[in-house]
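Below you'll find the structure, written out as C-alpha cells, and then a few comments.
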Amino acid sequence: TVSGGTFLSSTSTQTLTGGLTVSGGTFTGSTGNVAAGSVTLSSGILNAPSGILTIAGGNFTYTGGMFNADLGTVLYTGNNAAPTVSVGTGLVQFYNFQDAMTNVYPGGMSITGTLTVTGTFTWKLGSGIILGNIEAQGDVDDQNHGGTGNPYFTLDGAGNQTIEDTTGGGGGCLRTLTI
C-alpha cells in the first residue's frame, strides 16, 4: 500500500503479495516487472512499469488518482478467475493489455466503464468471455476461439487497425478485419 511519499520499484521483478493499493503518494514501476493479485487506485499516482504489470486474477479498481501506462503491458493471468476491471470511461488508458487467464468458462472478465487500450489488446486462447466496453486505439490480437461474452469494441485509432489471430490458429472469435 502506498498512501504517501514515493515507492520506486526495483528493476528486477517485484511480487506484491495481496495486491497493489495506491491511496496517495506515487508508485513507480521502473523498468522491471511487477506482479500483484489485484490493483486499487483511489488517489495518488500509479506509474506502471515499462515492462509487465501482472494481475493474478484479481480486480483492477480505479476510483481516483492518475494511472500512467509507460508503454508497458498489463497482463491478466489466473486460473478459474472472474475479475472486474473498473476504470470509468476514458479515465484510465492502458498501453498494451492482455487477457491470458485460463479455465474461466463460463466466467471471465467484466469491465465497468470503458477499457481503453492505446497499443495492442490481446485476447488469449482459453481466457474466456469478456463483458463490457473496449476502446481499441491500436490493434486487436484475437486468439480466443471460444465464447465471446458480450464485448463491445470501439475502433478509433489514428491509423490502420487490424483485428487478427497472430498465432496463426485460424482466427479468433472476431476473425481478421483491418479498419
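Numbering (our numbering), first residue to last: 257 to 435.
No residue lacks a Cβ here, since even glycine has one placed at the ideal position from N, Cα and C.
The structure displayed is predicted, hence computed values, not measured ones.
Along the beta strand (DSSP E) that carries D398, what are the first and last residues, could you check?
For D398, the enclosing beta strand (DSSP E) covers residues V396 to D398.
Using only the alpha-carbon positions, how far apart do G415 and T374 sit?
12 Å
For Y303, count neighbouring Cβ atoms within 10 angstroms of its own Cβ and tell me buried if that reaches 16, exposed if not.
One detail in the question is off: residue 303 reads as Asn in this sequence, not Tyr. Buried, because 16 or more other Cβ atoms sit within 10 Å of the Cβ of N303.
Whole angstroms are fine: how far does the CA of S298 sit from the CA of F409?
Approximately 27 Å between the Cα atoms of the pair.
Within a Cβ cutoff of 7 Å, which residues of the same chain sit near G274, ignoring the five residues on either side of it in sequence?
G293
Looking at C-alpha atoms only, which residue of T277, G307 and L331 is the closest neighbour of T319?
Comparing Cα-Cα distances from T319 to each of T277, G307 and L331, the minimum goes to T277.
With DSSP as the reference, identify every bridge partner of L276, one or two as the case may be.
Note: L276 is bridge-paired with V295 in the DSSP secondary-structure output.
Could you tell me the distance, in whole angstroms, from the CA atom of I419 to the CA atom of V330?
19 Å
Got a sec? Which residues, its chain only, sit under 8 Å from L264 by beta carbon, not counting five neighbours each side?
T284 and S286
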